[in-house]
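In this note's numbering, the protein residues as written are 16 to 451.
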């Protein structure tokens with residue numbers, strides 16, 4: 016099948032690469048010429064484990080193409096996938112300007128009947144509006160059908176999430192269009208659910224908001240566990256064994272971030288309010304997450320009294336491991352709070368430092384290694400659960416610090432390793448502190 020994809024971010028690029036991998040001819044379109052040139056050279060604009068191998072292989076096999084030309088990129092496409100960003104606007108609503116622009120570009124460059132599948136996360140009713148936009152701007156003899164096809168990818172495991180998806184959602188009012196999109200995904204051999212367009216749009220928001228609620232709930236339980244002397248990890252494990260609850264997303268910490276959960280929860284709340292539904296539950300999720308972002312700073316203030324002049328080593332900047340994405344990363348609020356309180360911040364992240372510099376600028380220092388970051392530090396903040404932070408050589412690390420104090424925002428370090436240290440202060444989330 017010949018497929019065209021608009022957008023080469025996490026969703027568009029991963030989708031394109033994986034569809035090429037299962038045998039389709041895929042052309043990815045992006046207006047950024049430098050990005051396209053790099054992609055044609057096998058260089059990915061995003062950090063995603065394994066993606067450059069798939070890009071290079073499928074280019075060589077003649078199944079994957081990259082271009083800035085809509086005319087060339089959309090030629091003879093049977094399915095056009097829109098995977099452009101829908102960032103959060105000032106009022107919390109999704110900004111659909113990129114999506115609407117993509118619709119117009121499609122309309123002006125197609126010359127035959129086509130199916131347009133929207134992967135971008137959009138408010139309910141958007142697919143219908145996009146169809147109207149395309150029909151207004153394309154030739155009157157061309158028939159365009161629009162299908163909702165939301166994505167459920169996690170950065171850092173996006174390829175696996177595509178190739179081994181839990182489910183594929185296809186929202187359509189046309190059985191034949193749904194069948195063609197279903198056929199496109201058939202080689203993946205994963206469950207496919209066909210729904211109405213509006214139900215498919217809602218499934219994406221409902222799923223992300225529910226996962227955000229699980230994170231916020233376990234974080235509230237963690238805060239209560241600390242007050243009562245219980246261990247949130249034991250509590251979460253006991254809860255997760257119940258099949259009705261499940262173990263996923265029951266990990267206490269400093270809150271969620273990234274390009275999806277914060278944006279999608281707020282967008283769903285905005286949609287609810289526009290339609291006369293108060294949905295106070297979503298407001299509480301947002302409030303809890305804001306509190307968790309400040310948790311390590313609050314713990315440090317309790318320990319030190321004041322943070323002015325203290326050197327804090329911040330381990331991790333990206334919102335999660337195996338990505339360089341800084342969007343809505345908890346590290347941003349944590350670092351800014353530390354700076355306001357007069358602390359000196361030295362940060363290290365395996366891949367996200369360059370992106371972090373664009374946000375945090377020169378307000379903090381950046382280290383090229385863990386050892387450089389922790390040297391003479393009054394405390395360590397573990398902000399992202401990168402594997403190398405889970406496996407810290409604690410005896411060596413602690414001797415480099417001014418004070419052997421760790422605030423673990425992700426409960427990264429196993430307690431038995433902490434207890435092996437001769438002298439340490441360890442402050443996790445939702446568990447008793449260890450002071451030796």
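Cβ atoms here follow ideal geometry from the backbone N, Cα and C, with glycine treated the same way.
Straight-line Cα distance separating residue j from residue i
{"i": "residue 237", "j": "residue 269", "result": "10 Å"}
{"i": "residue 136", "j": "residue 442", "result": "37 Å"}
{"i": "residue 130", "j": "residue 200", "result": "14 Å"}
{"i": "residue 370", "j": "residue 189", "result": "43 Å"}
{"i": "residue 91", "j": "residue 32", "result": "19 Å"}
{"i": "residue 290", "j": "residue 16", "result": "40 Å"}
{"i": "residue 159", "j": "residue 149", "result": "8 Å"}
{"i": "residue 191", "j": "residue 20", "result": "21 Å"}
{"i": "residue 272", "j": "residue 348", "result": "11 Å"}
{"i": "residue 359", "j": "residue 412", "result": "19 Å"}
{"i": "residue 326", "j": "residue 350", "result": "12 Å"}
{"i": "residue 85", "j": "residue 123", "result": "9 Å"}
{"i": "residue 204", "j": "residue 418", "result": "54 Å"}
{"i": "residue 79", "j": "residue 392", "result": "48 Å"}
{"i": "residue 299", "j": "residue 287", "result": "14 Å"}
{"i": "residue 75", "j": "residue 176", "result": "24 Å"}
{"i": "residue 155", "j": "residue 120", "result": "16 Å"}
{"i": "residue 431", "j": "residue 297", "result": "38 Å"}
{"i": "residue 285", "j": "residue 94", "result": "31 Å"}
{"i": "residue 396", "j": "residue 226", "result": "25 Å"}
{"i": "residue 453", "j": "residue 147", "result": "Since the displayed the chain opens at 16 and closes at 451, residue 453 lies outside it and no answer follows."}
{"i": "residue 275", "j": "residue 27", "result": "15 Å"}
Beta-ladder partner(s) of residue i, from DSSP
{"i": "residue 437", "result": "Residue 437 is not bridged to any residue."}
{"i": "residue 361", "result": "328, 380"}
{"i": "residue 79", "result": "41"}
{"i": "residue 442", "result": "422"}
{"i": "residue 19", "result": "42, 95"}
{"i": "residue 159", "result": "129"}
{"i": "residue 450", "result": "440"}
Nearest candidate by alpha-carbon position, reference residue i, set the options
{"i": "residue 152", "options": "118, 173, 166, 323", "result": "118"}
{"i": "residue 168", "options": "157, 181, 161", "result": "181"}
{"i": "residue 64", "options": "116, 170, 345", "result": "170"}
{"i": "residue 193", "options": "178, 179, 215, 174", "result": "215"}
{"i": "residue 265", "options": "432, 339, 229", "result": "229"}
{"i": "residue 305", "options": "331, 451, 234, 338", "result": "234"}
{"i": "residue 382", "options": "390, 391, 362, 376", "result": "362"}
{"i": "residue 212", "options": "240, 409, 139", "result": "139"}
{"i": "residue 434", "options": "422, 423, 424, 449", "result": "449"}
{"i": "residue 336", "options": "401, 314, 27", "result": "401"}
{"i": "residue 37", "options": "27, 73, 116, 332", "result": "73"}
{"i": "residue 81", "options": "43, 29, 94", "result": "43"}
{"i": "residue 166", "options": "132, 154, 143", "result": "132"}
{"i": "residue 345", "options": "417, 303, 203", "result": "303"}
{"i": "residue 69", "options": "26, 174, 89", "result": "174"}
{"i": "residue 46", "options": "88, 58, 30", "result": "88"}
{"i": "residue 141", "options": "179, 97, 424, 178", "result": "97"}
{"i": "residue 301", "options": "18, 232, 329, 367", "result": "232"}
beta-carbon residue i near the ligand ATP non-hydrogen atom, thresh 6 Å
{"i": "residue 222", "result": "You won't find the ligand ATP in this model; it holds no ligand whatsoever."}
Spatial neighbours of residue i in its chain, beta-carbon cut-off 8 Å, leaving aside the 5 residues before and after
{"i": "residue 248", "result": "267, 426, 445, 446"}
{"i": "residue 50", "result": "23, 60"}
{"i": "residue 261", "result": "255"}
{"i": "residue 157", "result": "125, 126, 127, 128, 129"}
{"i": "residue 352", "result": "309, 312"}
{"i": "residue 316", "result": "322, 356"}
{"i": "residue 217", "result": "139"}
{"i": "residue 368", "result": "332, 362, 381"}
{"i": "residue 164", "result": "96, 132, 133, 134, 183, 184, 185, 186, 196, 215"}
6 Å CB neighbourhood of residue i in its chain, flanking five on each side removed
{"i": "residue 113", "result": "99, 100"}
{"i": "residue 420", "result": "394, 440"}
{"i": "residue 102", "result": "110"}
{"i": "residue 354", "result": "378"}
{"i": "residue 307", "result": "234, 269, 270"}
{"i": "residue 187", "result": "162, 193"}
{"i": "residue 245", "result": "none"}
{"i": "residue 209", "result": "185, 193"}
{"i": "residue 278", "result": "103"}
7 Å Cβ shell around residue i - same chain, five flanking residues per side excluded
{"i": "residue 357", "result": "322, 323, 324"}
{"i": "residue 386", "result": "415"}
{"i": "residue 241", "result": "445"}
7 Å Cβ cutoff, residue i in contact with chain B
{"i": "residue 64", "result": "Absence of chain B from the displayed structure is noted, only one protein chain being present."}
Problem set entry | Complete runs of the alpha helix (DSSP H) confined to the segment 230–273 [at least 4 residues] | Here the runs fully enclosed are 247–255.
Exercise. Taking the runs of the alpha helix (DSSP H) that are 4 residues or longer, which of them lie wholly in the segment 162–226?
Worked result: Every alpha helix (DSSP H) of 4 residues or more that sits fully in the segment 162–226 is shown, in chain order, as 173–178, 190–200.
Problem set entry | In chain order, each beta strand (DSSP E) run of at least 3 residues that lies wholly inside the segment 83–126 | 94–97, all fully within the segment 83–126.
Problem set entry | Ordered list of beta strand (DSSP E) runs contained in the segment 291–338, each at least 3 residues | Scanning the segment 291–338 from its first residue to its last, the whole beta strand (DSSP E) runs of 3-plus residues come out as 326–330.
For this session: Give, in chain order, every unbroken run of the alpha helix (DSSP H) that is at least 4 residues long and sits entirely within the segment 386–413.
Result: Secondary structure within the segment 386–413: the alpha helix (DSSP H) runs of 4 or more consecutive residues, fully enclosed, are 402–405 (chain order).
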